[in-house]
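Shown next, in structure tokens, is the structure this report addresses.
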């Protein structure tokens, strides 16, 4: 929780926190107070003479004061370097409840402050109750006036200041000053001349501040009620937090006053001059964020002007990704030195730091901690006491010339300090004082819910200057001038390391550890080793004297059988302090290397070659030609990319070609060319769809390399009308930037479809016949109850739409013209219905089926109800029928107005699949019988239906490349019974010859079997001697014969 205003006995909690990159995590000093005392609610650093003290407020601690319950106390902790810490109560007030004062639950120690080295100390009890008896009603009135005590540096001579305790009845009441809660915040001038007390409860909680002279008790200043007669400033809590700084350039300290509920709960921080006239203010940006809960003044950018930090711990980070309620924020305001003295607008918002976790309440405490890393800029600690399930954290931010750095240099948590049981760590903070005499400011952190305070000391910062050089900087592998112990002559070089350390307030000596690695850019099969250990890495330790340089020459050699003769040999130096913690005393701390100092140095030893200036500059040019003009979806094609890689420049080391191919292709093989003088190898990463080919190490300059890459296209999906390839040729040695353009190539191969349609037809039967009457009288068609048999023979025309292409077709149209009538309106083929498969729908756009309403036979109804019957291939025409159709010149088609038009839509036809539509009708023989009766010379004719099919859509994201269509007709031969050739009987002599031939063949077979012994039989007693065979009686077991 945050501080909770104590007005009318509201509870208040105060949060604060600090940290930095060189704050010691190994040996923090932990101070524990009594359980339930809220020890750590407030903290302060104090120095008396040569003794450093930690002052810790415990506002619910029990004391020896007579009649006082949980009055609160302030504990002094002498900084011990060893042994347990001893916490003792400072005797600010030894008296109990005397006269008209009630000190129980007064929260003494809620505010603690020090005036600096040898300065006075301050402790306040903002919940102290002033009891007065009304002269008329004689009723006791309890007023939370609050009080503060100031003592000398050595914890003596304590003086009480209670500016709101008045005997004047005009000052009494919630609307006056006796509810002021003086000491809610407090601060002492650095010259110990005055005490400033925040009193946020006065005047309907408007709040005020009191400035009490410590040199003359009678001199007291106070801000007055604002906006008298209105309510606009009520409940604003002026005096909730306090700080001192010069913000108008007059060289005199001004009063910085937090007012977190002002301006309709937006919050503000007001700045008053020495006469308590307000001359400047900054406002919050979010309602109920408690802007002004904490304030701190510090010169962040070292421009000699005070800057301002304002905490808003209830700030909600409502970013687009996540809402972090009560994450908290800190606003950083820099003072503009270009604005002259006396100006009121010298502050400008430099940055805003926002807490990173829900309910962390970042900014509940803020403290200036001095220059913790000795870089010339003051640093800041910010507490987030409820971060990490209330464990708490303290963030350390470093100052700079540009203001406060946005990234914390260090984050301190109970777990990093080895005290994971602490909660609300960072509730209170105080820093800037060197508590362990190492010239670096230390940090005091309170954790009130854990009844704990922790002193975190600052480690000295070492600026370690390290250099690495090689001699020579380039080597010739043919120049073998160094002899190894076994007599082998090798090429060698020197790796020279040098170290110097400097810094503020450092020990006379430090120990360092450093590691030098040769060929560090390669993990395995390193090419160089040190002479000292025949290894590629060597580690050493060294004690350095302050400001004294130490150098160490290390000789390394290169093996005689290395393969990579281009890549320079990388030499790496890594170093750090060699802090042996085992030799430390329990509370001793070690220095640390400056975080801005590089801990790694790298140099390269180049390998000389035959190129100009030992630098090979290749010029790679890649061209690619595909073997296919396009890719047809569904076809089993192999696409071969013929690659020509031309190196127009010097040798290209570790050259390679990367090919990025699209989804749907699979790498099959590398095609080698007959003129290849180098073995190209290629590998595929199918997940990333990259083919990487090793094209030579080196690929010799002025050389052309040709090869092919074959890929399967079977799975190309058709989501695009083309597929794109990206080729990139590169080498380890860099090219001239002006020649890089031809190293890369984008190539596109079109994607198309083949949905070729074949429209097949058939007629069942192929011939229909009509009979002629001897008297040439055509019987009339029944007017009622006519049946199919009254019409004529059944006729069915079949149309099969077959996709002979490799690609799937989407919607296909099939349009059929059925010859229902002739030009005279007489029926030819009487339409009964249409039979379709699944996925085919047909409708009549002209004419109708069964227009006379004849009664359909059950078999016909069954056919028409089953429209998904699978169809085998077309029936072959009999030769005589095909000949008759060919010789028939009289082909009858329907006239445009006498046709039945059938439009069918086929949902899809996959590659090599087909769909069938059957038209069922009856041959209307009366039309032809009538022609005969009218002496019309009709011998025979052909009646034909016609059809056309076309692909309308395809299931791919590409346009139709052309028209895929076909047409055909189904023909039926119509003739009289007299013209049908009679069945000719077989001649008798053919039968006789066939029987005789069969008898002769049978005799030949019998003779052959006889010659083979097939008809031989064994006589009794002529059995050969075979092994006995077991026989079985009917009524018994088998017995030997």
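In mature numbering (1 follows the signal peptide of the UniProt record, and there is no 0), the protein residues as written are -20 to -1, 1 to 1021. Note that the Cβ used here is the ideal one computed from N, Cα and C, for glycine as well.
Roughly how many angstroms separate the alpha carbons of residue i and residue j, rounded to a whole number?
| i | j | result |
| --- | --- | --- |
| residue 68 | residue 560 | 35 Å |
| residue 825 | residue 883 | 7 Å |
| residue 279 | residue 317 | 12 Å |
| residue 811 | residue 956 | 22 Å |
| residue 31 | residue 415 | 9 Å |
| residue 541 | residue 506 | 11 Å |
| residue -5 | residue 198 | Any reading at residue -5 is ruled out, since the residue's pLDDT is 34, under 50, leaving its predicted position unreliable. |
| residue 354 | residue 281 | 13 Å |
| residue 734 | residue 694 | 14 Å |
| residue 193 | residue 272 | 25 Å |
| residue 647 | residue 620 | 10 Å |
| residue 441 | residue 229 | 34 Å |
| residue 979 | residue 746 | 41 Å |
| residue 245 | residue 215 | 9 Å |
| residue 139 | residue 377 | 38 Å |
| residue 857 | residue 670 | For residue 857, the predicted model reports a pLDDT of 44, less than 50, meaning its position is unreliable; a value from the coordinates is still stated below. If you take the alpha carbons of residue 857 and residue 670, they lie about 57 Å apart. |
| residue 854 | residue 903 | Below a pLDDT of 50, predicted positions are generally treated as unreliable, and residue 854, at 39, falls in that range; the measurement from the model is reported next regardless. In a straight line, the C-alpha of residue 854 is about 21 Å away from that of residue 903. |
| residue 462 | residue 468 | 8 Å |
| residue 498 | residue 434 | 46 Å |
| residue 652 | residue 689 | 9 Å |
| residue 285 | residue 227 | 8 Å |
| residue 1078 | residue 602 | Here the chain covers residues -20 to 1021 and nothing more, so residue 1078 does not appear. |
| residue 90 | residue 428 | 11 Å |
| residue 730 | residue 702 | 4 Å |
Check residue i in the structure and name its three-state DSSP category.
| i | result |
| --- | --- |
| residue 371 | coil |
| residue 314 | strand |
| residue 243 | helix |
| residue 838 | helix |
| residue 473 | strand |
| residue 717 | helix |
| residue 865 | Annotation note: pLDDT 46 at residue 865 (below 50); position unreliable, no value reported. |
| residue 733 | coil |
| residue 890 | coil |
| residue 909 | helix |
| residue 339 | coil |
| residue 424 | strand |
| residue 1110 | Since the first residue of the chain shown is -20 and the last is 1021, residue 1110 is not available in this structure. |
| residue 651 | strand |
| residue 429 | helix |
| residue 722 | helix |
Who pairs with residue i in a beta bridge, going by DSSP?
| i | result |
| --- | --- |
| residue 68 | 56 |
| residue 159 | DSSP, once it has assigned bridges, lists no residue as partnering residue 159. |
| residue 188 | 179 |
| residue 791 | Beta-bridge pairing links residue 791 to no other residue. |
| residue 535 | 474 |
| residue 618 | 692 |
| residue 739 | 781 |
| residue 82 | 109 |
Taking all protein chains shown into account, do 16 or more other C-beta atoms lie within 10 angstroms of the C-beta of residue i, making it buried, or fewer, making it exposed?
| i | result |
| --- | --- |
| residue 932 | exposed |
| residue 815 | buried |
| residue 409 | buried |
| residue 762 | exposed |
| residue 1049 | With the chain covering only -20 through 1021, there is no way to say anything about residue 1049. |
| residue 818 | exposed |
| residue 392 | buried |
| residue 890 | exposed |
Would you kindly report the start and end of the unbroken alpha helix (DSSP H) that includes residue i?
| i | result |
| --- | --- |
| residue 981 | 968 to 991 |
| residue 194 | Premise fails: residue 194 is in no alpha helix (DSSP H) and is neither H nor E. |
So residue i is in the beta strand (DSSP E); what residue range does that whole segment cover?
| i | result |
| --- | --- |
| residue 410 | 408 to 413 |
| residue 684 | 683 to 692 |
| residue 931 | 920 to 931 |
| residue 449 | 441 to 451 |
Could one say the Cβ of residue i lies closer than 8 Å to chain B's Cβ atoms, at least one of them?
| i | result |
| --- | --- |
| residue 596 | Within the model displayed, chain B is absent; a lone protein chain is all it includes. |
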